[in-house]
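Chemist: Numbering (our numbering), first residue to last: 8 to 352.
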(Lines of atoms letter the chains of each structure in order from A; the text may use other names.)
(Lines give C-alpha, C1' and ligand atoms only; values in the text may rest on other atoms or scores of the structure.)
Protein backbone atom coordinates (compact mmCIF):
# COMPACT_ATOMS: atom_id res chain seq x y z
CA UNK A 8 0.00 0.00 0.00
CA UNK A 9 1.09 3.58 -0.56
CA UNK A 10 0.41 6.67 1.51
CA UNK A 11 -1.73 9.16 -0.40
CA UNK A 12 0.00 12.45 -0.96
CA UNK A 13 -3.29 14.34 -0.82
CA UNK A 14 -4.37 17.08 -3.22
CA UNK A 15 -1.51 19.20 -4.47
CA UNK A 16 -1.93 22.85 -3.49
CA UNK A 17 -2.14 25.36 -6.30
CA UNK A 18 1.19 26.99 -6.98
CA UNK A 19 3.13 28.78 -9.67
CA UNK A 20 2.68 27.55 -13.21
CA UNK A 21 5.46 25.40 -14.66
CA UNK A 22 8.13 27.36 -16.52
CA UNK A 23 9.25 26.76 -20.08
CA UNK A 24 12.62 25.02 -19.70
CA UNK A 25 13.45 23.60 -23.14
CA UNK A 26 12.28 23.75 -26.74
CA UNK A 27 12.57 21.28 -29.60
CA UNK A 28 13.05 22.81 -33.05
CA UNK A 29 12.27 21.41 -36.47
CA UNK A 30 13.99 23.71 -38.88
CA UNK A 31 13.54 27.18 -37.41
CA UNK A 32 10.14 26.40 -35.86
CA UNK A 33 9.42 25.24 -32.33
CA UNK A 34 7.74 21.83 -32.55
CA UNK A 35 7.65 20.76 -28.89
CA UNK A 36 8.08 22.43 -25.51
CA UNK A 37 9.18 21.00 -22.18
CA UNK A 38 7.80 22.80 -19.12
CA UNK A 39 8.61 22.10 -15.52
CA UNK A 40 10.16 23.34 -12.32
CA UNK A 41 13.78 24.07 -11.36
CA UNK A 42 15.41 25.40 -8.23
CA UNK A 43 18.80 26.30 -6.79
CA UNK A 44 19.01 26.19 -2.98
CA UNK A 45 21.59 26.63 -0.26
CA UNK A 46 22.01 24.41 2.80
CA UNK A 47 19.73 26.61 4.91
CA UNK A 48 16.91 25.95 2.48
CA UNK A 49 17.00 29.47 1.08
CA UNK A 50 16.15 29.81 -2.60
CA UNK A 51 18.93 31.21 -4.77
CA UNK A 52 16.90 30.94 -7.99
CA UNK A 53 13.65 29.28 -9.01
CA UNK A 54 11.60 28.68 -12.15
CA UNK A 55 8.08 27.36 -11.80
CA UNK A 56 6.75 26.25 -8.41
CA UNK A 57 9.18 25.67 -5.51
CA UNK A 58 6.42 23.81 -3.68
CA UNK A 59 5.68 21.40 -6.54
CA UNK A 60 5.42 17.87 -5.19
CA UNK A 61 7.80 15.43 -6.83
CA UNK A 62 9.07 11.88 -6.63
CA UNK A 63 12.85 12.39 -6.85
CA UNK A 64 13.08 8.73 -7.89
CA UNK A 65 16.68 7.62 -8.51
CA UNK A 66 18.08 11.13 -8.28
CA UNK A 67 17.96 10.77 -4.47
CA UNK A 68 20.06 7.59 -4.17
CA UNK A 69 22.74 9.59 -2.35
CA UNK A 70 20.22 10.23 0.44
CA UNK A 71 19.23 6.57 0.60
CA UNK A 72 22.92 5.66 0.94
CA UNK A 73 23.61 7.94 3.92
CA UNK A 74 22.60 5.33 6.56
CA UNK A 75 24.99 2.84 4.96
CA UNK A 76 27.91 5.00 6.07
CA UNK A 77 26.44 6.67 9.16
CA UNK A 78 25.73 3.28 10.73
CA UNK A 79 29.28 2.08 10.20
CA UNK A 80 28.06 -0.74 7.96
CA UNK A 81 29.92 0.66 4.96
CA UNK A 82 33.13 1.65 6.72
CA UNK A 83 35.25 -0.70 4.60
CA UNK A 84 33.60 -0.01 1.25
CA UNK A 85 35.68 1.29 -1.64
CA UNK A 86 34.95 4.50 -3.50
CA UNK A 87 33.81 2.35 -6.44
CA UNK A 88 31.24 0.62 -4.25
CA UNK A 89 30.00 3.94 -2.88
CA UNK A 90 29.59 5.25 -6.43
CA UNK A 91 27.59 2.13 -7.31
CA UNK A 92 25.40 2.62 -4.23
CA UNK A 93 24.38 5.97 -5.78
CA UNK A 94 24.19 4.67 -9.35
CA UNK A 95 21.55 4.16 -11.98
CA UNK A 96 23.96 2.20 -14.12
CA UNK A 97 23.63 0.84 -17.64
CA UNK A 98 24.18 -2.80 -16.73
CA UNK A 99 27.54 -2.93 -18.49
CA UNK A 100 30.18 -5.49 -17.63
CA UNK A 101 32.00 -2.99 -15.42
CA UNK A 102 28.84 -2.56 -13.34
CA UNK A 103 27.67 -6.18 -13.22
CA UNK A 104 31.03 -7.66 -12.24
CA UNK A 105 31.58 -5.13 -9.48
CA UNK A 106 28.14 -5.62 -7.94
CA UNK A 107 28.57 -9.40 -8.15
CA UNK A 108 31.92 -9.11 -6.38
CA UNK A 109 30.38 -6.91 -3.69
CA UNK A 110 27.67 -9.48 -3.00
CA UNK A 111 30.21 -12.29 -2.96
CA UNK A 112 32.25 -10.45 -0.34
CA UNK A 113 29.09 -10.33 1.79
CA UNK A 114 28.56 -14.05 1.36
CA UNK A 115 25.46 -13.27 -0.68
CA UNK A 116 24.40 -13.80 -4.29
CA UNK A 117 22.22 -12.37 -7.03
CA UNK A 118 19.19 -14.21 -5.61
CA UNK A 119 19.41 -12.10 -2.44
CA UNK A 120 18.66 -8.92 -4.37
CA UNK A 121 15.08 -7.68 -4.52
CA UNK A 122 15.39 -5.24 -7.43
CA UNK A 123 14.21 -7.56 -10.22
CA UNK A 124 15.82 -8.50 -13.53
CA UNK A 125 16.32 -5.91 -16.26
CA UNK A 126 17.56 -5.97 -19.84
CA UNK A 127 20.77 -3.91 -19.70
CA UNK A 128 20.88 -0.57 -21.45
CA UNK A 129 24.51 -1.20 -22.34
CA UNK A 130 24.63 -2.44 -25.95
CA UNK A 131 27.77 -4.56 -25.55
CA UNK A 132 26.30 -6.44 -22.60
CA UNK A 133 22.98 -6.93 -24.41
CA UNK A 134 24.83 -8.41 -27.37
CA UNK A 135 26.88 -10.64 -25.10
CA UNK A 136 23.74 -12.00 -23.47
CA UNK A 137 22.20 -12.63 -26.87
CA UNK A 138 25.29 -14.36 -28.23
CA UNK A 139 25.69 -16.61 -25.18
CA UNK A 140 22.00 -17.32 -24.73
CA UNK A 141 22.05 -15.95 -21.19
CA UNK A 142 19.08 -14.16 -19.65
CA UNK A 143 19.36 -10.77 -17.95
CA UNK A 144 19.42 -11.01 -14.18
CA UNK A 145 19.09 -8.72 -11.20
CA UNK A 146 22.73 -7.70 -11.45
CA UNK A 147 21.80 -5.94 -14.68
CA UNK A 148 19.14 -3.88 -12.92
CA UNK A 149 20.20 -0.23 -12.95
CA UNK A 150 19.62 -0.13 -9.18
CA UNK A 151 21.62 -3.24 -8.26
CA UNK A 152 24.37 -1.14 -6.67
CA UNK A 153 21.87 0.65 -4.46
CA UNK A 154 20.46 -2.71 -3.45
CA UNK A 155 23.92 -4.07 -2.66
CA UNK A 156 24.21 -1.10 -0.32
CA UNK A 157 20.84 -1.94 1.22
CA UNK A 158 22.00 -5.53 1.78
CA UNK A 159 25.22 -4.29 3.40
CA UNK A 160 23.22 -2.11 5.79
CA UNK A 161 20.74 -4.93 6.36
CA UNK A 162 23.49 -7.27 7.50
CA UNK A 163 24.59 -4.64 10.02
CA UNK A 164 21.01 -4.11 11.25
CA UNK A 165 20.27 -7.85 11.28
CA UNK A 166 17.00 -7.33 9.42
CA UNK A 167 14.96 -9.87 7.48
CA UNK A 168 15.52 -10.67 3.79
CA UNK A 169 12.67 -8.47 2.47
CA UNK A 170 14.63 -5.27 2.88
CA UNK A 171 12.48 -3.29 0.40
CA UNK A 172 9.37 -3.33 2.60
CA UNK A 173 8.39 0.11 3.88
CA UNK A 174 8.57 -0.92 7.55
CA UNK A 175 11.86 -2.81 7.24
CA UNK A 176 14.71 -1.28 9.30
CA UNK A 177 16.66 -0.49 6.12
CA UNK A 178 13.79 1.55 4.66
CA UNK A 179 13.00 3.17 8.00
CA UNK A 180 16.61 4.41 8.04
CA UNK A 181 16.40 5.57 4.41
CA UNK A 182 13.18 7.45 5.07
CA UNK A 183 14.64 9.11 8.15
CA UNK A 184 17.67 10.35 6.23
CA UNK A 185 15.49 11.55 3.35
CA UNK A 186 13.19 13.54 5.65
CA UNK A 187 16.02 15.05 7.69
CA UNK A 188 17.92 16.16 4.60
CA UNK A 189 14.80 17.61 2.94
CA UNK A 190 13.86 19.32 6.18
CA UNK A 191 10.28 18.02 6.24
CA UNK A 192 8.26 14.80 6.54
CA UNK A 193 7.51 12.99 3.32
CA UNK A 194 4.27 13.95 1.58
CA UNK A 195 3.50 10.40 0.48
CA UNK A 196 5.22 7.39 -0.98
CA UNK A 197 4.94 4.84 -3.74
CA UNK A 198 6.97 1.90 -5.02
CA UNK A 199 9.87 2.51 -7.39
CA UNK A 200 10.66 0.34 -10.40
CA UNK A 201 13.27 -1.51 -8.35
CA UNK A 202 10.63 -2.35 -5.68
CA UNK A 203 12.07 -0.01 -3.03
CA UNK A 204 9.91 2.76 -1.55
CA UNK A 205 9.92 6.08 -3.42
CA UNK A 206 9.18 9.15 -1.34
CA UNK A 207 7.41 12.41 -2.20
CA UNK A 208 8.80 15.80 -1.25
CA UNK A 209 8.70 19.33 -2.65
CA UNK A 210 11.09 20.69 -5.22
CA UNK A 211 12.45 23.05 -2.57
CA UNK A 212 12.84 20.21 -0.09
CA UNK A 213 14.82 18.16 -2.56
CA UNK A 214 16.94 21.13 -3.62
CA UNK A 215 17.71 21.75 0.07
CA UNK A 216 18.74 18.11 0.51
CA UNK A 217 21.14 18.40 -2.43
CA UNK A 218 22.59 21.62 -0.98
CA UNK A 219 23.13 19.86 2.35
CA UNK A 220 25.02 17.13 0.49
CA UNK A 221 27.14 19.95 -0.97
CA UNK A 222 27.62 21.74 2.36
CA UNK A 223 27.11 19.19 5.17
CA UNK A 224 28.97 21.12 7.87
CA UNK A 225 25.92 21.55 10.10
CA UNK A 226 24.77 17.93 9.94
CA UNK A 227 26.98 16.39 12.61
CA UNK A 228 30.25 14.47 12.15
CA UNK A 229 28.81 11.13 10.98
CA UNK A 230 26.46 12.58 8.37
CA UNK A 231 29.00 15.16 7.22
CA UNK A 232 31.55 12.41 6.59
CA UNK A 233 28.95 10.22 4.86
CA UNK A 234 27.80 13.00 2.56
CA UNK A 235 31.32 14.02 1.61
CA UNK A 236 32.39 10.44 0.90
CA UNK A 237 29.38 9.73 -1.32
CA UNK A 238 29.68 12.93 -3.34
CA UNK A 239 33.43 12.44 -3.78
CA UNK A 240 32.92 8.83 -4.90
CA UNK A 241 30.39 9.86 -7.53
CA UNK A 242 32.70 12.54 -8.90
CA UNK A 243 35.66 10.14 -8.90
CA UNK A 244 33.83 7.36 -10.75
CA UNK A 245 31.35 8.97 -13.14
CA UNK A 246 31.16 5.93 -15.42
CA UNK A 247 30.05 3.73 -12.53
CA UNK A 248 27.23 6.15 -11.68
CA UNK A 249 25.69 5.80 -15.15
CA UNK A 250 27.74 4.58 -18.13
CA UNK A 251 29.19 5.33 -21.54
CA UNK A 252 27.31 8.09 -23.34
CA UNK A 253 25.05 8.85 -20.37
CA UNK A 254 24.46 12.44 -19.28
CA UNK A 255 25.37 11.88 -15.61
CA UNK A 256 28.74 10.37 -16.50
CA UNK A 257 29.62 12.82 -19.24
CA UNK A 258 28.63 15.93 -17.31
CA UNK A 259 30.50 14.90 -14.15
CA UNK A 260 33.62 14.07 -16.16
CA UNK A 261 33.40 17.52 -17.76
CA UNK A 262 33.33 19.46 -14.49
CA UNK A 263 36.14 20.16 -12.02
CA UNK A 264 35.57 20.67 -8.33
CA UNK A 265 33.81 17.43 -7.44
CA UNK A 266 30.38 18.40 -8.79
CA UNK A 267 27.99 15.44 -8.72
CA UNK A 268 24.87 15.08 -10.86
CA UNK A 269 22.22 12.38 -10.82
CA UNK A 270 19.20 11.63 -12.96
CA UNK A 271 15.95 10.02 -11.93
CA UNK A 272 13.08 8.48 -13.86
CA UNK A 273 10.32 10.74 -15.17
CA UNK A 274 12.68 13.61 -15.94
CA UNK A 275 14.09 14.50 -12.54
CA UNK A 276 17.68 15.72 -12.29
CA UNK A 277 19.77 16.82 -9.32
CA UNK A 278 23.15 18.50 -8.95
CA UNK A 279 25.45 18.92 -5.94
CA UNK A 280 28.00 21.75 -6.09
CA UNK A 281 30.40 21.40 -3.12
CA UNK A 282 32.49 24.41 -4.10
CA UNK A 283 29.52 26.73 -3.75
CA UNK A 284 27.45 24.81 -1.22
CA UNK A 285 24.47 24.72 -3.59
CA UNK A 286 21.96 22.10 -4.60
CA UNK A 287 19.91 21.96 -7.80
CA UNK A 288 16.68 20.11 -8.53
CA UNK A 289 14.84 19.89 -11.85
CA UNK A 290 11.53 18.23 -12.72
CA UNK A 291 10.16 18.30 -16.28
CA UNK A 292 6.43 17.76 -16.10
CA UNK A 293 6.04 15.61 -19.22
CA UNK A 294 8.63 13.09 -17.97
CA UNK A 295 10.98 13.63 -20.93
CA UNK A 296 14.62 12.85 -20.23
CA UNK A 297 15.76 14.98 -23.17
CA UNK A 298 14.12 17.95 -21.47
CA UNK A 299 15.68 17.32 -18.06
CA UNK A 300 19.15 16.77 -19.52
CA UNK A 301 18.91 20.05 -21.42
CA UNK A 302 17.68 21.89 -18.32
CA UNK A 303 20.36 20.56 -15.95
CA UNK A 304 23.13 21.35 -18.45
CA UNK A 305 21.78 24.89 -18.80
CA UNK A 306 21.79 25.43 -15.04
CA UNK A 307 25.28 23.99 -14.62
CA UNK A 308 26.53 26.47 -17.21
CA UNK A 309 24.73 29.34 -15.53
CA UNK A 310 26.21 28.33 -12.18
CA UNK A 311 29.71 28.39 -13.64
CA UNK A 312 30.29 24.68 -13.08
CA UNK A 313 30.17 23.58 -16.73
CA UNK A 314 31.88 25.14 -19.75
CA UNK A 315 29.20 25.89 -22.33
CA UNK A 316 31.64 24.94 -25.11
CA UNK A 317 32.52 21.53 -23.68
CA UNK A 318 31.25 18.69 -25.91
CA UNK A 319 29.24 17.25 -23.01
CA UNK A 320 27.43 20.57 -22.68
CA UNK A 321 26.93 21.07 -26.39
CA UNK A 322 25.30 17.64 -26.69
CA UNK A 323 22.57 18.83 -24.30
CA UNK A 324 22.30 22.55 -25.02
CA UNK A 325 21.91 22.40 -28.77
CA UNK A 326 21.88 18.73 -29.65
CA UNK A 327 20.98 18.37 -33.34
CA UNK A 328 18.13 16.18 -34.55
CA UNK A 329 19.14 14.14 -37.58
CA UNK A 330 17.17 12.67 -40.45
CA UNK A 331 17.57 9.01 -41.38
CA UNK A 332 20.13 10.20 -43.94
CA UNK A 333 22.18 12.07 -41.34
CA UNK A 334 21.12 15.61 -42.19
CA UNK A 335 20.53 18.12 -39.39
CA UNK A 336 16.81 18.89 -39.29
CA UNK A 337 16.37 20.49 -35.89
CA UNK A 338 17.70 20.70 -32.35
CA UNK A 339 16.80 20.88 -28.67
CA UNK A 340 17.77 24.01 -26.77
CA UNK A 341 17.10 25.59 -23.36
CA UNK A 342 14.33 28.18 -23.43
CA UNK A 343 15.78 31.68 -23.58
CA UNK A 344 13.82 32.92 -20.56
CA UNK A 345 15.36 30.06 -18.55
CA UNK A 346 18.89 30.07 -19.99
CA UNK A 347 19.33 33.83 -20.57
CA UNK A 348 22.22 33.13 -22.94
CA UNK A 349 24.14 31.47 -20.12
CA UNK A 350 24.11 34.50 -17.81
CA UNK A 351 25.75 33.53 -14.52
CA UNK A 352 23.72 32.95 -11.42
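The beta carbon of each residue, even a glycine, is placed where N, CA and C say it ideally should be.
Is the CB-CB distance between residue 98 and residue 119 below 7 Å?
Modeler: In the chain shown, residue 98 corresponds to position 91, counting from 1. In the chain shown, residue 119 corresponds to position 112, counting from 1. The answer is no: Cβ separation not under 7 Å.
Chemist: Starting from the C-beta of residue 335, find all residues in its chain whose C-beta is less than 8 Å away, skip the five residues before and the five after it, and write them out in chain order.
Modeler: On the chain shown, residue 335 is found 328 positions in, with the first residue counted as 1. Counting only Cβ-Cβ distances below 8 Å, and skipping sequence neighbours, we find 327, 328 and 329.
Chemist: Please name the residue in 351, 213 and 322 whose C-alpha comes closest to that of residue 46.
Modeler: Indexing the chain shown from 1 puts residue 46 at position 39. Residue 213 is the option with its Cα nearest to residue 46.
Chemist: Would you call the CB atoms of residue 279 and residue 217 closer than 7 Å?
Modeler: Sequence index remark: in the chain shown, residue 279 carries index 272 (1-based). Sequence index remark: in the chain shown, residue 217 carries index 210 (1-based). Yes. Within cutoff.
Chemist: Which whole-angstrom value describes the C-beta separation of residue 352 and residue 313, a residue pair presumed to lie in contact below a C-beta threshold of 8 Å?
Modeler: As a working mapping, residue 352 is identified with position 345 in the chain shown. As a working mapping, residue 313 is identified with position 306 in the chain shown. Not confirmed; about 12 Å, so no contact.
Chemist: According to DSSP, is residue 301 part of a helix, a strand, or is it coil?
Modeler: Counting from one through the chain shown, the residue named residue 301 turns up at place 294. Residue 301 falls in the helix class under three-state DSSP.
Chemist: Taking C-alpha atoms, which residue in 267, 333 and 73 lies nearest to residue 227?
Modeler: Taking the first residue of the chain shown as position 1, residue 227 is located at position 220. Closest by C-alpha distance to residue 227, out of 267, 333 and 73, is 73.
Chemist: When the Cα of residue 269 is compared with those of 233, 88, 261 and 69, which residue comes out closest?
Modeler: Residue 269 sits at position 262 when you count from the first residue of the chain shown. The residue with the shortest Cα to Cα distance from residue 269 is 69.
Chemist: If you count every other CB in all the chains shown that lies within 10 Å of the CB of residue 208, and 16 or more means buried, which is it?
Modeler: Translated into the one-based positions of the chain shown, residue 208 becomes position 201. Residue 208 is buried by the Cβ-count criterion.
Chemist: Less than 6 Å between C-beta atoms, sequence neighbours within five positions excluded: which residues of the same chain meet that for residue 249?
Modeler: Mapped onto the chain shown, residue 249 falls at position 242. These residues qualify, in order along the chain: 255 and 256.
Chemist: Do residue 273 and residue 38 have their CB atoms nearer than 7 Å?
Modeler: Counting from one through the chain shown, the residue named residue 273 turns up at place 266. Counting from one through the chain shown, the residue named residue 38 turns up at place 31. With a cutoff of 7 Å on beta-carbon distance, residue 273 and residue 38 are scored as not near each other.
Chemist: So, helix, strand or coil for residue 32, using DSSP?
Modeler: The residue you call residue 32 lines up with position 25 of the chain shown. DSSP places residue 32 in strand when its eight states are reduced to three.
Chemist: Go through its chain and collect everything with a Cβ distance to residue 287's Cβ below 6 Å, but skip five positions before and after it.
Modeler: Locating residue 287 in the chain shown gives position 280, where the first residue counts as 1. Around residue 287: 43, 278 and 306.
Chemist: Can you round the beta-carbon distance between residue 106 and residue 151 to whole angstroms, since I take them to be within the 8 Å contact cut?
Modeler: Counting from one through the chain shown, the residue named residue 106 turns up at place 99. Counting from one through the chain shown, the residue named residue 151 turns up at place 144. The Cβ separation is near 5 Å, so the contact holds.
Chemist: Is the beta carbon of residue 87 sitting closer than 7 Å to the one on residue 237?
Modeler: For the purposes of this step, residue 87 is taken as the residue at position 80 of the chain shown. For the purposes of this step, residue 237 is taken as the residue at position 230 of the chain shown. Cβ atoms of residue 87 and residue 237: not closer than 7 Å.
Chemist: Three-state secondary structure (DSSP) at residue 26?
Modeler: Reading the chain shown from its first residue, position 19 is the one you call residue 26. In the structure shown, residue 26 sits in a strand (DSSP, three-state: E or B).
Chemist: What does the alpha-carbon distance come out to for the pair residue 192 and residue 63?
Modeler: One-based indexing of the chain shown puts residue 192 at position 185. One-based indexing of the chain shown puts residue 63 at position 56. One C-alpha to the other measures close to 14 Å.
Chemist: Where in the segment 157-222 do unbroken runs of the beta strand (DSSP E), each at least 3 residues long, occur, reported from the N-terminal end onward?
Modeler: 196-198 and 204-206
Chemist: For residue 44, name the three-state secondary structure that DSSP assigns.
Modeler: Residue 44 sits at position 37 when you count from the first residue of the chain shown. Three-state DSSP puts residue 44 in a strand.
Chemist: Count the other CB atoms within 10 Å of the CB of residue 77; is the residue buried (16 or more) or exposed (fewer)?
Modeler: Residue 77 sits at position 70 when you count from the first residue of the chain shown. Result: buried.
Chemist: Less than 7 Å between the beta carbons of residue 149 and residue 96, yes or no?
Modeler: Here the question's residue 149 lines up with position 142 in the chain shown. Here the question's residue 96 lines up with position 89 in the chain shown. Yes.
Chemist: Quick one, are the C-beta atoms of residue 195 and residue 177 less than 7 Å apart?
Modeler: In the chain shown, residue 195 corresponds to position 188, counting from 1. In the chain shown, residue 177 corresponds to position 170, counting from 1. Cβ distance not < 7 Å, so residue 195 and residue 177 don't count as in contact.
Chemist: Near residue 84, which residues of its chain fall below 6 Å by C-beta distance, leaving aside the five closest residues on each side in sequence?
Modeler: If you number the chain shown from 1, residue 84 lands on position 77. Once the five neighbours on either side are set aside, residue 84 has no close Cβ partner at all.
Chemist: Are the CB atoms of residue 240 and residue 75 nearer to each other than 7 Å?
Modeler: As a working mapping, residue 240 is identified with position 233 in the chain shown. As a working mapping, residue 75 is identified with position 68 in the chain shown. Not in contact: residue 240 and residue 75 (Cβ atoms no closer than 7 Å).
Chemist: Just list the residues that DSSP pairs residue 290 with in beta bridges.
Modeler: Your numbering for residue 290 matches position 283 in the chain shown. Looking at the DSSP assignment, residue 290 forms a beta bridge with 40 and 275.
Chemist: Whole angstroms are fine: how far does the CA of residue 289 sit from the CA of residue 211?
Modeler: For this step, residue 211 is matched to residue 204 along the chain shown. For this step, residue 289 is matched to residue 282 along the chain shown. If you take the alpha carbons of residue 211 and residue 289, they lie about 10 Å apart.
Chemist: Are residue 245 and residue 260 close, meaning C-beta to C-beta below 7 Å?
Modeler: By one-based count along the chain shown, residue 245 stands at place 238. By one-based count along the chain shown, residue 260 stands at place 253. Yes, Cβ-Cβ distance for residue 245 and residue 260 is below 7 Å.
Chemist: I'd like the list of long-range same chain contacts for residue 18, defined as Cβ closer than 7 Å, with 5 residues on each side in sequence excluded.
Modeler: Position 11 of the chain shown holds residue 18. Closer than 7 Å at Cβ, skipping near neighbours: 56, 58 and 59.
Chemist: Can the beta-carbon of residue 48 be found less than 7 Å from the beta-carbon of residue 190?
Modeler: The residue labelled residue 48 in the question sits at position 41 within the chain shown. The residue labelled residue 190 in the question sits at position 183 within the chain shown. A contact, by the Cβ cut-off of 7 Å.
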